[in-house]
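The letter at position 109 of the sequence shown is residue 104 when you use the working numbering, and the numbering goes up by one with no holes.
Yeah, the Cβ is synthetic: ideal placement off N, Cα and C, and Gly gets one too.
Have a look at the structure below before the remarks.
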Amino acid sequence: ARLPLDPRIGRIVLAARERGCLAEALVIASALAVPDPRERPLDRQQAADQAHLRFRDERSDFLSLVALWEFFADLGARKLGRRRVVDACRAQYVSFLRLIEWRDVHRQLVATLEEAGWTWNPALPAAFDATRYAALHQAILAGLLGNVGVKADADEGYQGARGIRFHLHPGSGLVRKRVKWVLAAELTETTRLFARCAATIEPEWIEAVAGERVSREHFEPHWEDKRGEVVASERVSLYGLTLVARRPVSYGRIDPAAAREVFIREALVPGALRTRGAFLAHNRALVADVQELEHKARRQDVLVDEETIAAFYAARLPPDVHSLATFERWRETAERAAPRVLYLTRDDLMRHGATAVTAELFPETWHLGGVALPLKYRFAPGHPLDGLTLTVPLELLNQLPEARLSWLVPGMVRDKVTHLLKALPKALRQRVIPVPETVTAFLDAATGDEVALADALRGFLEARLGTRIEPEAWRDAELPAHLMVNVAVVDGAGKELASGRDLAALRARLGEAAALSFASTAPGFERKGLVRWDVGDLPASIAVVRNGARVMGYPALVDEGTSVALALLDTAEAAQASTRAGVVRLVGLALRDAAARYAKPGPAFNDAALKLKATIATDRLHADVLAAASTRAYLADDALPRAEREFAELVQRARARLPAVMEGAFRLLATIAERHQALGQRLAAAPKGSARLTTEVRAVRDALVYPGFFSVTPWSQLAEIPRYLTALDRRIVKYSERPDRDAHHAEQVAQWWRRYVERRDADRSAGRSDPRLEAFRWLLEELRVSLFAQELKTPFPVSFKRVERAWADLSR
């Protein structure tokens, strides 16, 4: 049928027939073919707007037309006279004549369609639910696609098709709703471009109606594992308006060739495909093996690039494979003919053979006793895990030998030695050129890893160059992180507790927990509340099975104050120190009656305590002397007992020693107190201008006599303290004779003392104890005697050269 309508309105009618909303669409189509019946006189705009409210629909002005149509039809159904109908229309500010014209166009349109054989239900719907609303407005969209708009961000207007901007007409029911997408019956230019007769729509309706007229842009194709296909983002637009900004679509149906390339690069190359084929697990493992070679060799030229791996797959996959489904169909067929068609080989993946990376040079485990600890290599400069990481269970932390760790693994030690040689002072560095030959000579001469690498290298260089090399030669040499082992401490469940390259710091943080954890590896071994030796023989070490591996434990007696416990400790050093204290406690319990007579301070002690009261509290001093004297009497220089018979013999010897040791200790305390008091008086009377001297003397005195000194000072050195205090007194007396000589010697001694303190503090932080360092400390006291009070004599010749040799021996 030829419709006597504008083509746009005709498209509305045709679309309405398809969508089952022809009755209401005919009303709207005929309304659009005539002038708007609603009137809005300039002098009565507010009254007109108020009258038109009865027709208003806040969703759509098109539905307002339907409401107006029903209003006019109701007037006709009531059989009113013409005048009354005209008055009723005038009261609602609508034109009677235009309504008549509208009705005539509608009748003509209906008659034309009926002649063409169209059938439909002429009754209008009682209400427009969401489904009916969508159907009607999609039909209207079919004729008015150019009149759509989207809310602009900048102002109250709308961005329309082909770059225009418009505003809703003030009489529209949508003005106050701020809807995002709108459709207008017409755009009219007055003071500005207005949209008349507008309705709220959805952008997907526009896409559905526009069909091929929308433009589609696809971007960011990527593999999506959950969907098993390559997915791209789709942007849909019409006349410059974006209807859909980003929508995931299957890229294989759009561009199969490009989807195939993405599929290969993002699914097959990284091994992200959830295939049933066994080839992918094999290829992933092979790539990981080659990557491990790169981490070990610390170079990135072993594994081929991703382009090469992608080319491997591209040469085998047919053009129509671009998703999991298409791949699986092809693979099952292809593998029946060639089962290993997709299997990579080591030759496919390696640029060169990496022959220098062997299991001997780069082992996978590090053996500690009977336990194999895993090693992990990583080549990632700047990353916290760069280099070599050793994973150790918490209970074995204290057993790690720091010297062995400094040697890394055979394949990495050469780089570390090279770095240390290049960090030498220039004068020494020039003597080890060519460095590679020196490194090789050192590694050939190395006999083991019991000595720390730096100490072993220093000894080698001293023998090779005939020159003394101080440990401080590498003080300012900062090793790169990858040349120090990163120790990762884990609990029983494998959860990492801490990690770092400073073993001493890890032990300071977790050492106590490590000892407790180790003790739990031998349940039933520990005993508490022991007051006599009834533990049988105490072996120096025992083997304990931990998670199927043999580890060494060290039985020890632990002093618990009023009794002793039997425990299994994780290091021989800790067990030795603990057992010493435990034996002293057991001997004290056995001799409690004999020791009771010394519990109360005597007159001699009170006199000494009075002289030292400004330095040490009386109660603490008495407890200190008793503890030191008891330890000396009970154990002396005897070996620690390991059997009940040995312990009984020790108790007898201790009983015989106790009186003499106690009396000697209190006599010695009296002498120390007397010399200390005399030195204090001398310091108080020191002449003006000797502030440097008095400050130094006080510091030396306070390093000899302080709270707890009686127990801390080795027993053999306690007897020398009076002489050291006297030497300080003589120094003050002699100062005025040669102050320049005193200052010169004092500076030299101070330099050695600073080196001693630095080494002592470092050892304490690392949990080390070196008897040679303690001997060196007392050697410095003898040096002071020889320099400032020669008349007091020293037990052996002392000089700066002797001090230097002792330090050299200490540093080996």
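- Taking every protein chain shown into account, the CB of Thr708 has 16 or more other CB atoms within 10 angstroms, so this residue is buried.
- Ranking Ala741, Pro379 and Ser711 by CA distance to the CA of Ala770 puts Ser711 first.
- CA-CA distance, Leu561 to Ala493, rounds to 29 Å.
- In the three-state DSSP reduction, Asn481 falls in the strand class (E or B).
- In this structure, DSSP gives His162 an extended state, which the three-state scheme calls strand.
- Annotation: Phe258 is outside any beta strand (DSSP E); the continuous alpha helix (DSSP H) that includes it extends over Pro251 to Phe258.
- In chain order, Asp724 place their CB closer than 7 Å to the CB of Ala673, counting only its own chain and leaving out the 5 sequence neighbours on each side.
- In the assembly as shown, Pro388 is a buried residue. Its beta-carbon has 16 or more other beta-carbons within 10 Å.
- The continuous alpha helix (DSSP H) containing Ala24 extends over residues Leu17 to Leu27.
- Around the Cβ of Gln394, a 10 Å sphere holds 16 or more other Cβ atoms; the residue is buried.
- At the C-beta level, Thr384 and Ala499 stay beyond 9 Å of one another.
- When secondary structure is reduced to three states using DSSP, Val540 falls in the strand class.
- The C-beta separation of Glu359 from Leu370 comes to about 6 Å, placing the pair in contact by the 8 Å criterion.
- Per the C-alpha coordinates, the member of Ser760, Leu775 and Leu720 positioned closest to Trp747 is Leu775.
- Cα atoms of Val427 and Leu564: separation of roughly 44 Å, rounded to the nearest angstrom.
- Residue burial annotation: Ala240 is exposed, with fewer than 16 other C-beta atoms found within 10 angstroms of its C-beta.
- In chain order, Leu501 place their CB closer than 6 Å to the CB of Gly495, counting only its own chain and leaving out the 5 sequence neighbours on each side.
- Taking Glu639 as reference, the option from Pro431, Leu263, Arg6 and Val530 with the minimal CA-CA separation is Val530.
- Taking 3 residues as the shortest admissible run, the stretch 243 to 313 contains no complete beta strand (DSSP E) segment at all.
- Secondary structure in the stretch 425 to 501: the beta strand (DSSP E) runs of 3 residues or longer, each lying completely within the stretch, are 481 to 485 and 491 to 495 in chain order.
- Under the three-state reduction of DSSP, Val700 is assigned to coil, being neither helix nor strand.
- Excluding the 5 residues flanking it on each side, Leu616 has same chain C-beta neighbours closer than 7 Å at Ala604 and Leu607, in chain order.
- Secondary structure at Pro376: coil, using DSSP grouped into helix, strand and coil.
- Distances from the CA of Ala134 to each of Ala599, Leu108, Val22 and Glu96 were compared; the closest alpha carbon is that of Val22.
- A Cβ-Cβ distance of about 5 Å is found for the pair Ile304 and Val264, placing them in contact under the 8 Å criterion.
- The three-state reading of DSSP puts Arg171 in coil, since its state is none of H, G, I, E or B.
- A Cβ-Cβ contact shorter than 9 Å links Pro550 with Leu533.
- If you draw a straight line from the Cα of Leu163 to the Cα of Pro2, it comes to about 25 Å.
- Counting the other Cβ atoms within 10 Å of the Cβ of Pro654 gives fewer than 16, which makes it exposed.
- Put simply, the backbone Cα of Arg733 is about 15 Å away from that of Glu742.
- About 37 Å separates the Cβ atoms of Arg35 and Gly206, ruling out a contact at the 8 Å cut-off.
- Taking 8 Å as the upper bound for CB-CB distance, Leu478 and Asp410 are in contact here, some 6 Å apart.
- In the same chain as Phe67, and ignoring 5 residues on each side of it, the C-beta atoms closer than 6 Å to its own belong to Leu94, in chain order.
- Annotation for Pro358: no beta strand (DSSP E) segment contains it, and DSSP assigns it neither H nor E.
- Sequence-distant Cβ neighbours of Arg580 in its own chain, meaning closer than 6 Å and more than five residues away, are Asp554 and Val559.
- For Gln154, there is no enclosing alpha helix (DSSP H); the enclosing beta strand (DSSP E) covers residues Tyr153 to Gly155.
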